[in-house]
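Worksheet: the structure to be examined is printed underneath.
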Amino acid sequence: MAYSDKVLEHYENPRNVGTLDKNDPSVGTGLVGAPACGDVMRLQIKITDDGRIEDAKFKTFGCGSAIASSSLVTEWVKGKTLDQALSIKNTDVAKELALPPVKIHCSVLAEDAIKAAIADYKRKHGTAPAATGTEK
Amino acid sequence: MVKLPIYMDNHATTPLDPRVLDAMLPYLKDEFGNAASRSHVFGWRAEEAVERAREQIGALIGASGKEIIFTSGATESDNLAIKGAAEFYREKGNHLVTCKTEHKAVLDSMKRLERQGFEVTYLPVGKDGRLDPDDLRRAIGPKTILVSIMLANNEIGTVQPVEEIGKICREKGVLFHCDAVQGVGKIPFDVGRANVDLASISAHKIYGPKGIGALYVRRKPRVRLAELIDGGGHERGMRSGTLNVPGIVGLAKACEIAKAEMPEEAARLTALRERLREKIVRRLDLVELNGSAEHRLPGNLNLSFAYVEGEALMMAIKDVAVSSGSACTSASLEPSYVLRACGVEEELAHSSIRFGLGRFNTEEEVDYVADLVVGKVTKLREMSPLYEMAKEGVDLKNVTWAQAH
Ligand SMILES: Cc1ncc(COP(=O)(O)O)c(C=O)c1O
Chain A
82 MAYSDKVLEH YENPRNVGTL DKNDPSVGTG LVGAPACGDV MRLQIKITDD
132 GRIEDAKFKT FGCGSAIASS SLVTEWVKGK TLDQALSIKN TDVAKELALP
182 PVKIHCSVLA EDAIKAAIAD YKRKHGTAPA ATGTEK
Chain B
49 MVKLPIYMDN HATTPLDPRV LDAMLPYLKD EFGNAASRSH VFGWRAEEAV
99 ERAREQIGAL IGASGKEIIF TSGATESDNL AIKGAAEFYR EKGNHLVTCK
149 TEHKAVLDSM KRLERQGFEV TYLPVGKDGR LDPDDLRRAI GPKTILVSIM
199 LANNEIGTVQ PVEEIGKICR EKGVLFHCDA VQGVGKIPFD VGRANVDLAS
249 ISAHKIYGPK GIGALYVRRK PRVRLAELID GGGHERGMRS GTLNVPGIVG
299 LAKACEIAKA EMPEEAARLT ALRERLREKI VRRLDLVELN GSAEHRLPGN
349 LNLSFAYVEG EALMMAIKDV AVSSGSACTS ASLEPSYVLR ACGVEEELAH
399 SSIRFGLGRF NTEEEVDYVA DLVVGKVTKL REMSPLYEMA KEGVDLKNVT
449 WAQAH
């Protein structure tokens with residue numbers, strides 16, 4: 082299978098690989114996927130007091146498309162509010178990276194990772210369950 | 049510096065040996081006759097070449113030339129052996145025995161027979177990929193007509209105890225078909241010693257051309273097959289169709305070379321494979337060997353690199369052609385059924401890489417590949433949340449994972 086240039090570019094120069102302190106109250110951690118399925122993504126976001134994502138880090142076990150999808154979303158979520166980040170859809174990721182049909186699940190995982198990281202942050206701040214309403 | 053890309057996927061196919069090409073060329077040019085033409089010299093010369101080829105092919109496996117049937121490749125040979133025998137011997141019984149790690153050409157032929165009312169037993173294998181001859185003995189019953197077990201596995205290189213299997217089949221009076229594709233020409237294989245009745249071989253796995261294979265069909269005692277392809281009655285009525293003379297000449301030359309060079313080549317490949325393994329496992333932790341350390345094809349190395357996904361690793365070493373048991377390389381999302389049958393956990397099956405060393409690989413290439421793999425696995429592990437968790441002492445089996453496939 083041939084990879085798109087964008088997948089190759091992210092795969093070869095992944096952005097924001099790393100770890101944030103998961104116990105820091107301003108950090109939300111999302112861990113999605115399963116080792117048995119061949120994909121696990123961990124997305125971490127650090128959120129400012131006024132509700133913006135100021136930093137994002139990922140680590141991914143998975144194929145090149147999974148790594149590229151996670152790398153891409155770390156770039157996309159930075160600077161966004163939680164609501165804006167939640168509006169990122171897997172189809173946007175798939176389109177940007179020109180993922181073939183068998184790799185769509187990688188982009189689904191990336192969307193799930195954003196949701197899971199935000200849910201974790203909200204849980205820490207007593208606003209869970211996630212994905213409804215905001216603090217504004 | 050080594051020349052890139054490096055081909056290390058010799059179980060998938062092999063490059064054509066230049067000596068094979070030279071042997072074939074006359075039959076692609078002036079010697080174009082139809083081997084079935086009885087009335088002129090063009091036909092006679094083609095027929096002579098084919099008969100000579102049969103003997104050379106037979107010689108590699110301890111058969112006579114008369115026992116060789118030409119096919120389009122081992123997929124067809126497997127189909128013909130299994131379906132042809134099942135149909136011909138249907139009155140004798142409706143039960144067949146095979147193994148879970150066989151090639152799809154065998155397994156899917158069996159599946160079709162099951163839909164037609166045959167019963168098939170799929171024997172399990174141990175961790176090393178070998179079946180237990182006692183399991184086979186127990187599986188054979190009064191209605192069993194055929195046992196189909198491969199010589200060596202295409203993914204993990206495990207060599208099956210074919211001589212023991214053949215002995216059991218002979219004792220019980222059932223036919224033994226052996227898919228010998230990966231082992232023939234690489235390790236000793238003799239249809240007499242192993243009591244094999246039917247054996248599939250393929251030219252493109254032994255440095256011959258694609259699209260030509262053979263089926264060995266025992267004459268004493270005589271094995272009969274129902275034909276799958278109707279037509280002019282070529283190949284003792286078992287496989288109609290004008291013979292592929294250049295392909296046949298190429299297959300024969302490939303067999304001749306393999307026979308002459310087998311001892312040195314097997315030793316050389318075993319040394320290269322061990323060098324590759326050594327250089328990798330010495331510098332990386334958490335690397336598992338898949339298959340058997342002892343009963344293994346010389347050129348096969350199948351390793352699982354824990355916490356690194358196979359396709360990602362292949363992408364990282366993209367100038368080296370290898371293959372992976374990872375699901376991501378197929379549309380199915382299921383990792384290798386061969387590794388699963390050996391009891392390899394799904395996560396490690398996703399992390400497997402098959403290195404297939406062959407005649408044209410060099411020590412220099414092996415050293416290059418080992419260094420590259422060590423560097424890239426290290427880099428991918430730095431990027432792997434699982435590796436980080438494992439290093440922190442988290443037991444990944446106790447984590448509740450969000451998603452099932
Ligand atoms: C064990 C085994 N059997 C059968 C085949 C099919 O051979 P062919 O490509 O000649 O059809 C292969 C090759 O993929 C193989 O490895």
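Protein chains in written order, with this note's numbering: chain A, 82 to 217; chain B, 49 to 453. Ideal Cβ placement from N, Cα and C applies to all residues, glycine included. Model, not experiment: these values are computed from the prediction.
Closest residue to residue i among the options (Cα-Cα distance)
i: Arg-267 of chain B; options: B:Glu-275, B:His-252, B:Leu-246 and B:Ala-251; result: B:Leu-246
i: Glu-192 of chain A; options: A:Ala-137, A:Asp-173, A:His-206 and A:Lys-203; result: A:Asp-173
i: Gly-121 of chain B; options: B:Phe-80, B:Ile-249 and B:Ala-71; result: B:Ile-249
i: His-143 of chain B; options: B:Leu-184, B:Glu-359 and B:Lys-175; result: B:Leu-184
i: Lys-140 of chain B; options: B:Leu-291, B:Phe-166, B:Lys-148 and B:Ile-254; result: B:Phe-166
i: Lys-114 of chain B; options: B:Met-49, B:Glu-124 and B:Arg-284; result: B:Arg-284
i: Thr-162 of chain A; options: A:Ile-199, A:Lys-184, A:Asp-105 and A:Val-189; result: A:Ile-199
i: Glu-103 of chain B; options: B:Gly-91, B:Pro-190 and B:Ile-117; result: B:Ile-117
i: Lys-205 of chain A; options: A:Pro-116, A:Ala-166 and A:Lys-127; result: A:Lys-127
i: Gly-373 of chain B; options: A:Pro-182, A:Cys-144 and A:Tyr-202; result: A:Cys-144
i: Glu-219 of chain B; options: B:Ala-251, B:Gly-231 and B:Arg-186; result: B:Arg-186
i: Gly-315 of chain B; options: B:Pro-236, B:Asp-443, B:Cys-217 and B:Ala-360; result: According to the sequence as given, residue 315 of chain B is Ala; it is not Gly. The candidate whose alpha carbon is nearest that of Ala-315 of chain B is B:Pro-236.
i: Tyr-264 of chain B; options: B:Ile-305, B:Ala-418, B:Val-168 and B:Asp-227; result: B:Asp-227
i: Val-108 of chain A; options: A:Ala-147, A:Ser-150, A:Arg-133 and A:Leu-153; result: A:Arg-133
i: Pro-383 of chain B; options: A:Ala-197, A:Val-88, A:Glu-135 and A:Cys-118; result: A:Cys-118
i: Arg-123 of chain A; options: A:Asp-130, A:Val-88, A:Tyr-202 and A:Ser-151; result: A:Ser-151
i: Lys-215 of chain B; options: B:Pro-181, B:Ala-360, B:Val-207 and B:Glu-342; result: B:Pro-181
i: Ala-438 of chain B; options: A:Leu-101, A:Pro-116, A:Asn-94 and A:Leu-89; result: A:Pro-116
i: Leu-444 of chain B; options: B:Gly-423, B:Glu-393, B:Gly-406 and B:Phe-403; result: B:Glu-393
i: Gly-295 of chain B; options: B:Val-442, B:Val-335 and B:Ala-83; result: B:Ala-83
i: Ile-254 of chain B; options: B:Gly-231, B:Ala-242, B:Leu-171 and B:Cys-217; result: B:Gly-231
i: Glu-212 of chain B; options: B:Pro-190, B:Val-244 and B:Lys-191; result: B:Val-244
i: Val-168 of chain B; options: B:Val-145, B:Thr-149 and B:Cys-303; result: B:Val-145
i: Glu-90 of chain A; options: A:Thr-129, A:Thr-110, A:Leu-112 and A:Ser-146; result: A:Ser-146
i: Val-293 of chain B; options: B:Gly-91, B:Gly-423 and B:Lys-51; result: B:Gly-91
i: Thr-206 of chain B; options: B:Lys-175, B:Ile-188, B:Thr-192 and B:Lys-191; result: B:Lys-175
i: Pro-172 of chain B; options: B:Leu-332, B:Leu-334, B:Ala-389 and B:Arg-93; result: B:Ala-389
DSSP bridge partner residues for residue i (one or two, in chain order)
i: Ile-54 of chain B; result: B:Val-368
i: His-143 of chain B; result: B:Glu-167 and B:Thr-192
i: Leu-349 of chain B; result: B:Phe-403
i: Thr-456 of chain B; result: Given that chain B is displayed from residue 49 to residue 453, the structure contains no residue 456 of chain B and the question cannot be resolved.
i: Thr-410 of chain B; result: DSSP output for Thr-410 of chain B lists no bridge partner at all.
i: Thr-291 of chain A; result: Chain A is shown only over 82 to 217; residue 291 of chain A falls outside these bounds and no answer can be derived.
i: Thr-162 of chain A; result: A:Arg-133
Proximity test, residue i beta-carbon vs ligand 3 heavy atom, cut-off 7 Å
i: Thr-448 of chain B; result: Looking for ligand 3 in the displayed structure turns up nothing; the ligands present are ligand 1.
Where residue i meets chain E, residues with beta-carbon distance less than 7 Å
i: Pro-53 of chain B; result: The chain labelled as chain E is not found among the protein chains of the depicted structure, namely A and B.
Legend entry - In chain order, each alpha helix (DSSP H) run of at least 4 residues that lies wholly inside the stretch 169-238 of chain B: Counting only runs of 4 or more, we get 181-187 and 210-220.
Legend entry - chain A contacts from the stretch 121-138 of chain B (Cβ-Cβ distance under 7 Å): Residues passing the 7 Å Cβ filter: none.
Inset, instruction - Anything in the stretch 99-131 of chain A with a Cβ closer than 8 Å to a Cβ of chain B? List those residues in chain order, please. - result: Within the stretch 99-131 of chain A, the residues whose Cβ lies closer than 8 Å to some Cβ of chain B are Thr-100, Leu-112, Val-113, Gly-114, Ala-115, Pro-116, Ala-117, Cys-118, Gly-119, Asp-120, Val-121, Met-122 and Arg-123, listed in chain order.
Inset, instruction - Report yes or no: do the stretch 186-199 of chain B and the stretch 219-237 of chain B share at least 3 C-beta pairs separated by less than 8 Å? - result: In short, these stretches touch, since the Cβ pair count reaches three.
Inset, instruction - May I ask you to verify whether the stretch 126-143 of chain B touches the stretch 323-342 of chain B, counting CB pairs closer than 8 Å and requiring at least 3? - result: With a cut-off of 8 Å, the stretch 323-342 of chain B and the stretch 126-143 of chain B do not count as touching, because too few Cβ pairs lie within range.
Inset, instruction - Could you tell me which uninterrupted alpha helix (DSSP H) segments, each at least 4 residues in length, are contained entirely in the stretch 96-144 of chain A, listed from first to last along the chain? - result: None, since the stretch 96-144 of chain A contains no complete alpha helix (DSSP H) of that length.
Inset, instruction - Return the chain-ordered ranges of every beta strand (DSSP E) run that is complete within the stretch 317-350 of chain B and spans a minimum of 3 residues. - result: With a minimum length of 3 residues, the continuous beta strand (DSSP E) runs that stay inside the stretch 317-350 of chain B are 335-337.
Legend entry - Runs of beta strand (DSSP E) wholly within the stretch 239-276 of chain B (minimum 3 residues, chain order): 246-250 and 261-265, all fully within the stretch 239-276 of chain B.
Legend entry - Touch test, the stretch 143-160 of chain B against the stretch 296-314 of chain B, Cβ-Cβ under 8 Å, three pairs minimum: Of all C-beta pairs linking the stretch 143-160 of chain B to the stretch 296-314 of chain B, fewer than three are shorter than 8 Å, placing the two stretches out of contact.
Legend entry - Proximal residues, the stretch 296-312 of chain B versus chain A, C-beta separation under 8 Å: The residues in question: there are none.
Legend entry - the stretch 383-400 of chain B in contact with the stretch 175-186 of chain A per 3-pair CB rule at 8 Å: As far as the Cβ criterion goes, the stretch 383-400 of chain B does not touch the stretch 175-186 of chain A, which means the pair count is below three.
Legend entry - Inter-stretch contact at 8 Å, needing at least 3 Cβ pairs: the stretch 73-80 of chain B / the stretch 267-279 of chain B: Segments in contact, no.
Inset, instruction - Compile a chain-ordered list of the residues in the stretch 165-185 of chain A whose CB is closer than 9 Å to at least one CB of chain B. - result: Within the stretch 165-185 of chain A, the qualifying residues are Pro-182, Val-183 and Lys-184.
Inset, instruction - Name, going along the chain, the residues of the stretch 331-360 of chain B whose beta-carbon falls closer than 9 Å to a beta-carbon of chain A. - result: If the cut-off is 9 Å between Cβ atoms, the stretch 331-360 of chain B has Tyr-355, Val-356, Glu-357, Gly-358, Glu-359 and Ala-360 near chain A.
Inset, instruction - Check distances from the C-beta atoms of the stretch 137-160 of chain A to those of chain B and list, in chain order, the residues that come in under 7 Å. - result: So the list reads Lys-140, Thr-141, Phe-142, Gly-143, Cys-144, Gly-145 and Ile-148, given in the order they occur along the chain.
Inset, instruction - Decide yes or no for the touch test of the stretch 341-361 of chain B against the stretch 307-326 of chain B: beta carbon pairs closer than 8 Å, at least 3 of them. - result: Result yes; three or more Cβ-Cβ pairs closer than 8 Å.
Legend entry - chain B contacts from the stretch 185-204 of chain A (Cβ-Cβ distance under 7 Å): Of all residues in the stretch 185-204 of chain A, none comes within less than 7 Å of chain B when Cβ atoms are compared.
Inset, instruction - Please list the segments of the beta strand (DSSP E) lying wholly inside the stretch 67-144 of chain B, counting only runs of 3 or more residues, in order along the chain. - result: Runs found: 116-119.
Inset, instruction - Give, in chain order, every residue of the stretch 392-408 of chain B whose Cβ lies closer than 8 Å to some Cβ of chain A. - result: Here the close residues are Glu-393, Glu-394, Glu-395 and His-398.
Legend entry - Residues in the stretch 420-434 of chain B having any Cβ partner in chain A nearer than 8 Å: Of all residues in the stretch 420-434 of chain B, Glu-430, Met-431, Ser-432, Pro-433 and Leu-434 have a Cβ within less than 8 Å of some Cβ in chain A.
Legend entry - Any 3 or more C-beta pairs closer than 8 Å across the stretch 423-443 of chain B and the stretch 57-71 of chain B: With a cut-off of 8 Å, the stretch 57-71 of chain B and the stretch 423-443 of chain B do not count as touching, because too few Cβ pairs lie within range.
Legend entry - Touch test, the stretch 200-209 of chain B against the stretch 334-345 of chain B, Cβ-Cβ under 8 Å, three pairs minimum: With the rule of 3 Cβ pairs closer than 8 Å, the stretch 200-209 of chain B counts as touching the stretch 334-345 of chain B.
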